[in-house]
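Asks: Just so we're aligned: 471 in our numbering is position 471 of the sequence shown, and the numbers increase by one with no gaps anywhere. For each residue, glycine too, the CB sits at the ideal point set by N, CA and C. All of these numbers come straight from a predicted model, not from anything done at the bench.
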Amino acid sequence: MSRLSNYLLPTLKDAPADAEALSHRLMVRAGLIRQLGAGIWTWLPAGLRSVRKAEAIIREEMDAIGCQELLLPVLQPAEMWKQTDRYGITELFKLEDRKGSDMVLAMTGEEALTLHVSREIRSYRELPLMLYQVQTKERDEPRPRAGVLRTREFTMKDAYSFDRDEDGLARSYELQRGAYARVYDRCGLRWYEVESDVGMMGGIGAHEYMAPCAAGEDQVAIAPGYAANVEIASAVAKPVDLPPPLDAPREAPTPGLSTIDGVSDALGVSPGALIKAMPVMAEDRGLVLVLIRGDHRLSEVKLANHLGTPARLARPDEFQEVIGPAGFIGPVGAGVPILMDEAISGAGLVAGANKADAHLIGIEPGRDFDFEPCDVRTVEAGDTTEAGEVIEIEDAIEIGNIFKLGTRYSVPLNATFLDEDGSERPIVMGSYGIGPARIIAAAIEQGADEKGIAWPLAIAPWAVHVVQLGRGGDEVSDAAEAAYEALREAGIEVLLDDRPNAGTGEKLTDAELLGCPLRLVVGKRGVAEGVAESQERASGEEGRIPLGDDLVSGVREILDRIGSSG
Numbered sequence: 001m002s003r004l005s006n007y008l009l010p011t012l013k014d015a016p017a018d019a020e021a022l023s024h025r026l027m028v029r030a031g032l033i034r035q036l037g038a039g040i041w042t043w044l045p046a047g048l049r050s051v052r053k054a055e056a057i058i059r060e061e062m063d064a065i066g067c068q069e070l071l072l073p074v075l076q077p078a079e080m081w082k083q084t085d086r087y088g089i090t091e092l093f094k095l096e097d098r099k100g101s102d103m104v105l106a107m108t109g110e111e112a113l114t115l116h117v118s119r120e121i122r123s124y125r126e127l128p129l130m131l132y133q134v135q136t137k138e139r140d141e142p143r144p145r146a147g148v149l150r151t152r153e154f155t156m157k158d159a160y161s162f163d164r165d166e167d168g169l170a171r172s173y174e175l176q177r178g179a180y181a182r183v184y185d186r187c188g189l190r191w192y193e194v195e196s197d198v199g200m201m202g203g204i205g206a207h208e209y210m211a212p213c214a215a216g217e218d219q220v221a222i223a224p225g226y227a228a229n230v231e232i233a234s235a236v237a238k239p240v241d242l243p244p245p246l247d248a249p250r251e252a253p254t255p256g257l258s259t260i261d262g263v264s265d266a267l268g269v270s271p272g273a274l275i276k277a278m279p280v281m282a283e284d285r286g287l288v289l290v291l292i293r294g295d296h297r298l299s300e301v302k303l304a305n306h307l308g309t310p311a312r313l314a315r316p317d318e319f320q321e322v323i324g325p326a327g328f329i330g331p332v333g334a335g336v337p338i339l340m341d342e343a344i345s346g347a348g349l350v351a352g353a354n355k356a357d358a359h360l361i362g363i364e365p366g367r368d369f370d371f372e373p374c375d376v377r378t379v380e381a382g383d384t385t386e387a388g389e390v391i392e393i394e395d396a397i398e399i400g401n402i403f404k405l406g407t408r409y410s411v412p413l414n415a416t417f418l419d420e421d422g423s424e425r426p427i428v429m430g431s432y433g434i435g436p437a438r439i440i441a442a443a444i445e446q447g448a449d450e451k452g453i454a455w456p457l458a459i460a461p462w463a464v465h466v467v468q469l470g471r472g473g474d475e476v477s478d479a480a481e482a483a484y485e486a487l488r489e490a491g492i493e494v495l496l497d498d499r500p501n502a503g504t505g506e507k508l509t510d511a512e513l514l515g516c517p518l519r520l521v522v523g524k525r526g527v528a529e530g531v532a533e534s535q536e537r538a539s540g541e542e543g544r545i546p547l548g549d550d551l552v553s554g555v556r557e558i559l560d561r562i563g564s565s566g
């Protein structure tokens, strides 16, 4: 029974002062969530209804591709995380039990499930296998923000595939990709799939699923036929005007000018004609000088992927004696290995002279210094794909990710099987995650207006919101109650606002804030005429639906139209 006279839906006129994201503000104001601590949120009844709907859609699509549901514990022995070399992850919650044994609160399920599979699967005949769970996850997030978008505790659907070889993994991966597409379409989201970095998960390939919106914490490079997370995107750089080439580099005084803009203004050249030299300390490689165009930004993810090892910007005391003073370093005579981004080309370039207050002009890579080519810059809006399509950069929320893990976990945890000829081989794995809370937040971000939420029908807490005007105890309340009961008995999820002490303005404002797809207002004038006034939340389209026997069919007709358009 969903009557607001005895339902916990604590709406607010104003959002919390620290709420930045639109979804954060509206979810608190609409009484969907409440905060318990930094990055720790409680789902109130209305919000939980939407979460459960998203989870149901996810379960249906996982079941449809033969993925079997189970449930892993959140509290896990640390030993297996040490075996996979993930125990050192900063965001992993670590603790000891009363016996002093190391334990963790799991952020994903690879270790636990792979260990189970290693003990249960013996033969190639038992593969392929796909398993999933919908379970609480814990993450010691350093900067919780944006409501439920970045939290320390969250619910996630994580699925895992186990195959004999990479061909089998490719088939499982495609099954999951298809299921993900259906999940997001059914939830009414605008979304796209992009290439992504494997990150802490490891493996041999990955995709992310992104929902474009202003609150997005990620950026995506998109163009016709191309989409990738900006962290790993590649593109053809916009051309830049270069000064005339010289036969050899020539020193130019630049007293006190240690910035790209300062040097380009003083020398009258484009920032893109400068070489930005960045000393980097790479594990296992030591000091490396990374070069990018002066108008570009370094992608630390792409750099780490190229190096195959973690890296950080070097401190001045680590490079000044070897190369030169900060703000004036360059590749000519640097005396350390050099990585040069492929966007740098041509001659007549400008870079630091490796001594204070001086730069070199007329530099030509290859002639004046040796280098290892690489792609380590961040793609910019206006760059183009190899096919010549112009790239745009769009903010987006990550709503899911999938990984080709390969043998990243099966080897350290000894998850093997015997193939047809009796040889022991490691199981080839994939990992597939979806965050139901992120689906909810993305739907709110994409559909909301200045009045409040506008839910997609599939994940709305209720399909219909019946607003009873007046104080109750008259023909209006009787008609509203009859409409509510008729819809409920017909299997339509309906909320009745029968609060006796709430005025008309408050009820209508709350209905717009909560954002159910269809609102029915039952008032004195309408009851006298035998109708309820309807309004579709997303489009604003208004109408009149007969009360009585034709009410259910009239509502169904509108909901069918809303569902097909969403």
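Are Ala480 and Gln468 touching if we call contact CB-CB under 7 Å?
Replies: yes
Asks: Starting from Ile562, trace the alpha helix (DSSP H) both ways and give me its first and last residue.
Replies: Leu551 to Ser565
Asks: Rounded to a whole number of angstroms, what is the C-alpha to C-alpha distance between Gly503 and Ser5?
Replies: 13 Å
Asks: Thinking Arg29 and Ala15 are a contact (beta carbons under 8 Å), I'd like their distance in whole angstroms, please.
Replies: 5 Å
Asks: Could you tell me the distance, in whole angstroms, from the CA atom of Asp102 to the CA atom of Ala228?
Replies: 38 Å
Asks: Please state the DSSP three-state secondary structure of His296.
Replies: coil
Asks: Along the alpha helix (DSSP H) that carries Val263, what are the first and last residues, could you check?
Replies: Ile260 to Leu267
Asks: Determine the burial state of Gly430: buried for a count of at least 16 other Cβ atoms within 10 Å of its Cβ, exposed for fewer.
Replies: buried
Asks: Under 7 Å between the Cβ atoms of Arg143 and Ile57?
Replies: No.
Asks: For a minimum of 3 consecutive residues, which ranges assigned as the beta strand (DSSP E) are wholly contained in the region 270 to 318?
Replies: The qualifying runs are 275 to 282, 286 to 293 and 311 to 313.
Asks: DSSP three-state call for Pro144: helix, strand or coil?
Replies: coil
Asks: Once the 5 residues before and after Ala375 are set aside, which same chain residues still bring their CB inside 7 Å of it?
Replies: Residue identity differs from the one stated: residue 375 is Asp in this sequence, not Ala. Cβ within range, chain order: Ser234, Lys302, Asp341 and Glu342.
Asks: Compute the Euclidean distance between the alpha carbons of Arg150 and Met107, then round it to the nearest angstrom.
Replies: 13 Å
Asks: For Asn354, name the three-state secondary structure that DSSP assigns.
Replies: Three-state result, Asn354: coil.
Asks: Is the beta carbon of Val290 closer than 7 Å to that of Met281?
Replies: No, they are not a contact pair.
Asks: Please work out which residues of its chain come closer than 6 Å, Cβ to Cβ, to Leu175, disregarding the five sequence neighbours upstream and downstream, and give them in chain order.
Replies: Ile65
Asks: Within 10 angstroms of its Cβ, does Gly433 collect 16 or more other Cβ (buried), or is it exposed?
Replies: buried
Asks: May I ask which residues mark the beginning and end of the alpha helix (DSSP H) holding Pro77?
Replies: First-last for Pro77: Leu75 to Pro77, but that is the beta strand (DSSP E), not the alpha helix (DSSP H).
Asks: Check Ala511 in the structure and name its three-state DSSP category.
Replies: helix
Asks: Compare the Cα-Cα distances from Pro271 to each of Ile323, Asp357 and Ala351 and report the closest residue.
Replies: Checked all of Ile323, Asp357 and Ala351; the closest Cα to Pro271 is Ala351.
Asks: How many angstroms separate the CA atom of Ala511 from the CA atom of His465?
Replies: 7 Å
Asks: Let me know if Val527 comes out buried or exposed under the rule of 16 or more other beta-carbons within 10 Å of its beta-carbon.
Replies: buried
Asks: Could you say which of Trp191, Leu127 and Glu138 lies nearest to Leu169 if we only look at CA atoms?
Replies: Leu127
Asks: Within a Cβ cutoff of 6 Å, which residues of the same chain sit near Ala179, ignoring the five residues on either side of it in sequence?
Replies: Glu61 and Ile65
Asks: In the structure shown, what three-state DSSP assignment does Met103 receive?
Replies: strand
Asks: If you check the beta carbons only, do Ala159 and Phe403 fall under 7 Å apart?
Replies: no
Asks: For Leu189 versus Ala442, is the C-beta distance shorter than 7 Å?
Replies: yes
Asks: Give the DSSP-derived three-state secondary structure of Ser5 in the structure shown.
Replies: helix
Asks: Given this structure, state the Cα-to-Cα distance separating Gly193 from Ile399, to the nearest angstrom.
Replies: Strictly speaking, residue 193 in this sequence is Glu, with Gly absent from that position. In a straight line, the C-alpha of Glu193 is about 10 Å away from that of Ile399.
Asks: May I have the straight-line CA-CA distance separating Arg544 from Met27, to the nearest angstrom?
Replies: 30 Å
Asks: Work out the CA separation of Lys94 and Glu364 for me, nearest whole Å.
Replies: 52 Å
Asks: Given a threshold of 16 other Cβ atoms within 10 Å of its Cβ, counted over all protein chains shown, does Thr378 qualify as buried or as exposed?
Replies: buried
Asks: Going by CA-CA distance only, name the one from Arg139, Arg86, Gly31 and Pro244 that's closest to Gly346.
Replies: The shortest C-alpha separation from Gly346 is found at Pro244.
Asks: Alpha carbon to alpha carbon, how far is Met80 from Arg164?
Replies: Near 22 Å, if we compare the C-alpha coordinates of Arg164 and Met80.
Asks: Nearest-angstrom Cα distance between Leu547 and Pro436?
Replies: 37 Å
Asks: Fully enclosed by the region 34 to 101, which beta strand (DSSP E) runs are 3 residues long or longer?
Replies: 40 to 43, 75 to 77 and 93 to 96
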